[in-house]
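Heads up: the structure comes next, in structure tokens.
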Amino acid sequence: MLRAAPAAVGVLLLACGQLAAALRTPDQSKAAPSRSQDGRCLEISDRETCENSRARLNVTCRGWGGSACLPRRGAKAESITDPAICEQALLLLGVETLGWGGKCLAPGAACGDITSPHACGDSKARFGLTCAGWGGSSCLAPDDSARLITNKTICENSMAWLGIPSQGWLGLFCRPKFVPCAEIRTEQRCKELAGKHKVCAGWGGHSCLEHGSLARSITSESICQSSTQFLGIPSIGWSGSACLSAEDASCHDITDREVCEQSAKRLGLKCAGWGGRACLMRGSPLSMIRDPAACKDSLAITGTPSLGWGGSSCLEANDGCASITSKKICKDSRSRLGLTCGGWHRKLGCLEQELMHH
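Counting in this note's numbering, the sequence shown runs from 59 upward without gaps.
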């Protein structure tokens, strides 16, 4: 027994050493993962493991999407492949969707994303999308080309069934019927016609523009600033409310004070200054001045001296009492404007002196 003791002690020491080593080595299932948790979620291939990933693998996943385990970050509607899960995705997974349309649709989806004929026909009620209908192999938008129709019967009834004009079936495809650019109602369709087919100039902000359209047809400031590049329509810039062209622009078109005061730099126009509501130039009528301070400096701004401020506009030298719109100014017309007025009438306004005798 005594002779066996050294061997037993050696075994005991070896066992203790192995135990210590094991304690020093972290449990791989509980240690910080060497790869991201999102990546580990994507490696899970069955629903049960996915839904119990925290307990089994110490990995927190968003949940089961139908054919894959979805990670907590970056989960999208497109990753969900089960119709029932898609319809309840916000509740089950915290992922916002429009619903199932042959595939799970994300917010912002278009008619072309719908892959089910039935869902396409019920798109307004189910997804809030106004679609023309099923074209044979895809769901069409109201402004889609008849060229996208792949079924002969649908093509021959395209106007009645889809509201999309066509010239009939040509053996391999549905022949589109020309539609004026102005009748195109969506930016996407307009860009298709402008880019691929060069039929239209492009989208102007609120409408689809023909080639050669006036710059004033552009209703978007950002498009206006690059109108030549985007549309092939030259312009000098944005007035504050409209896109201006060099051919017919004037200071009176400017509706923004900052643009007016920087008109030479921004638009290449030499303007006199801001009149309160409009941009002025030399020779502008004083009635355009709607600011008392600007009225006082009318000679310097427009080159025309004024009679004075009438209450709502600047008065010309030949204006009379009837042009005064303020009761106080009317009563003080002699001292303020050098006019002798008859007084203020609650309906007729400021009266000429001779009217008071009738």
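A virtual CB, placed ideally from N, CA and C, is assigned to each residue, including glycine.
Small disclaimer: the values here were computed from a predicted structure and weren't measured.
Exercise. Tell me, please, whether the segment 98-115 touches the segment 128-143 by the rule of three or more beta-carbon pairs shorter than 8 Å.
Key: Of all C-beta pairs linking the segment 98-115 to the segment 128-143, three or more are shorter than 8 Å, placing the two stretches in contact.
Quiz item: What are the partner residues of SER224, as DSSP defines its beta bridges?
Solution: Taking the sequence shown and counting its residues from 1, one reaches residue 224 at position 166. Bridge partners of SER224: PRO234.
Quiz item: Going by C-alpha distance, which of THR211, ALA142 and PRO175 is nearest GLY226?
Solution: Locating residue 226 in the sequence shown gives position 168, counting from the first residue. Minimum Cα distance to GLY226 is reached at THR211.
Quiz item: Are at least three pairs of beta-carbons, each pair with one atom in the segment 247-260 and one in the segment 192-205, less than 8 Å apart?
Solution: Enough Cβ pairs lie closer than 8 Å, so yes.
Quiz item: What are the residues that DSSP puts in a beta bridge with GLY248?
Solution: What you label residue 248 is simply residue 190 of the sequence shown in a count that begins at 1. Just to set this straight, residue 248 is Cys in the shown sequence, not Gly. DSSP lists no partner for CYS248.
Quiz item: Name the DSSP beta bridge partners of GLY401, please?
Solution: Residue 401 sits at position 343 when you count from the first residue of the sequence shown. LEU409, per the DSSP bridge assignment.
Quiz prompt | Cβ neighbours of CYS329 in the same chain (closer than 6 Å, five flanking residues each side left out) | solution = Counting from one through the sequence shown, the residue named residue 329 turns up at place 271. The residues are CYS309, CYS318, SER321, CYS337 and MET339.
Exercise. Keeping to the same chain, check which residues put their C-beta closer than 8 Å to that of ALA147; ignore five residues upstream and five downstream.
Key: Walking along the sequence shown from the start, residue 147 turns up at place 89. The residues are ALA135, ILE138, VAL153, GLU154, THR155 and CYS162.
Quiz item: Hey, how far is the Cα of ASP349 from the Cα of GLY333?
Solution: Against the sequence shown, residue 349 aligns to sequence position 291. Against the sequence shown, residue 333 aligns to sequence position 275. Whole-angstrom Cα-Cα distance: 6 Å.
Practice problem: Kindly indicate which three-state DSSP category CYS189 falls into: helix, strand or coil? | Solution: Taking the first residue of the sequence shown as 1, we reach residue 189 at position 131. Of the three classes helix, strand and coil, the one that applies to CYS189 here is coil, per DSSP.
Exercise. Could you spell out the range, first to last residue, of the alpha helix (DSSP H) harbouring GLN283?
Key: For the purposes of this step, residue 283 is identified with residue 225 of the sequence shown, where counting begins at 1. Element bounds for GLN283: 279-283.
Practice problem: Please name the residue, chosen from GLU268, SER297 and PHE231, that lies closest to GLU241 on a Cα-to-Cα basis. | Solution: Mapped onto the sequence shown, residue 241 falls at position 183. Looking only at GLU268, SER297 and PHE231, the smallest Cα-Cα distance to GLU241 is reached by GLU268.
Quiz item: Can you tell me the Cα-Cα spacing of SER370 and ILE382, whole angstroms?
Solution: Working through the sequence shown from its first residue, we reach residue 370 at position 312. Working through the sequence shown from its first residue, we reach residue 382 at position 324. Straight-line spacing of the CA atoms in SER370 and ILE382 works out to 8 Å.
Quiz item: Taking the DSSP output, what are the residues bridged to GLY378?
Solution: Walking along the sequence shown from the start, residue 378 turns up at place 320. Paired residue(s): none; GLY378 is not in a bridge.
Quiz prompt | Buried versus exposed call for ALA177 [16 or more other C-beta atoms within 10 Å across all chains shown] | solution = Taking the first residue of the sequence shown as position 1, residue 177 is located at position 119. Buried: at least 16 other Cβ atoms inside 10 Å.
Quiz item: Given that a residue counts as buried once 16 or more other Cβ atoms are within 10 Å of its Cβ, and exposed if not, what is ALA89?
Solution: To locate residue 89, count along the sequence shown from 1; it is residue 31. At ALA89, the pLDDT of 40 sits below 50, so the modelled position is not reliable and the matter cannot be decided from this model.
Quiz item: So ILE294 packs on LEU325, CB below 8 Å; how close in whole Å?
Solution: Position 236 of the sequence shown holds residue 294. Position 267 of the sequence shown holds residue 325. About 5 Å; that satisfies the 8 Å criterion.
Quiz item: If we ignore side chains and look at the alpha-carbon of each, how far apart do SER391 and PRO343 end up?
Solution: Here residue 391 refers to the residue found at position 333 when the sequence shown is read from its first residue. Here residue 343 refers to the residue found at position 285 when the sequence shown is read from its first residue. SER391 and PRO343 have their alpha carbons spaced roughly 22 Å apart.
Self-check item: Counted within 10 angstroms of its Cβ, other Cβ atoms place SER356 as buried (16 or more) or exposed
Solution: Here residue 356 refers to the residue found at position 298 of the sequence shown. With 16 or more Cβ atoms within 10 Å of its Cβ, SER356 is classed as buried.
Quiz item: Taking the DSSP output, what are the residues bridged to LEU344?
Solution: In the sequence shown, counting from the first residue as 1, residue 344 sits at position 286. Answer is none; LEU344 lacks a bridge partner.
Quiz prompt | Other residues of its chain near ILE359: CB distance less than 7 Å, five sequence neighbours each side excluded | solution = Stepping through the sequence shown from its first residue, residue 359 is reached at position 301. Closer than 7 Å at Cβ, skipping near neighbours: ALA330, GLY331, LEU338 and ALA352.
Quiz item: How would you write the range of the alpha helix (DSSP H) that GLN95 sits in, first residue to last?
Solution: The residue given as residue 95 occupies position 37 in the sequence shown. For GLN95, the enclosing alpha helix (DSSP H) stretches over residues 95-101.
Exercise. Spatial neighbours of TRP219 within its chain, please: CB distance less than 7 Å, with the 5 preceding and 5 following residues excluded, ordered by chain position.
Key: In the sequence shown, counting from the first residue as 1, residue 219 sits at position 161. For TRP219, where only same-chain residues beyond five positions count, the Cβ hits under 7 Å are GLY191 and ILE212.
Quiz item: By how many angstroms is the C-alpha of CYS169 removed from the C-alpha of GLU106?
Solution: As a working mapping, residue 106 is identified with position 48 in the sequence shown. As a working mapping, residue 169 is identified with position 111 in the sequence shown. Answer to the nearest angstrom: the Cα atoms are 35 Å apart.
Quiz item: Ordered along the chain, which non-local residues of its own chain (more than five positions away) have a Cβ less than 7 Å from that of LEU302?
Solution: As a first step, residue 302 is located in the sequence shown; it is residue number 244 there, counting from the start. Counting only Cβ-Cβ distances below 7 Å, and skipping sequence neighbours, we find ALA273, SER293, ILE294, GLY295, ASP311 and LEU325.
Quiz item: Assuming LYS385 contacts TRP402 under a Cβ cut-off of 8 Å, what Cβ separation, rounded to an integer in Å, is found between them?
Solution: Residue mapping note: residue 385 aligns to position 327 of the sequence shown, counting from 1. Residue mapping note: residue 402 aligns to position 344 of the sequence shown, counting from 1. The pair is a contact, with the Cβ atoms about 5 Å apart (cut-off 8 Å).
Quiz item: So what does DSSP say about THR83, is it helix, strand or coil?
Solution: Against the sequence shown, residue 83 aligns to sequence position 25. Here the model assigns THR83 a pLDDT of 40, short of 50, so the residue's position is not dependable and the matter cannot be decided.
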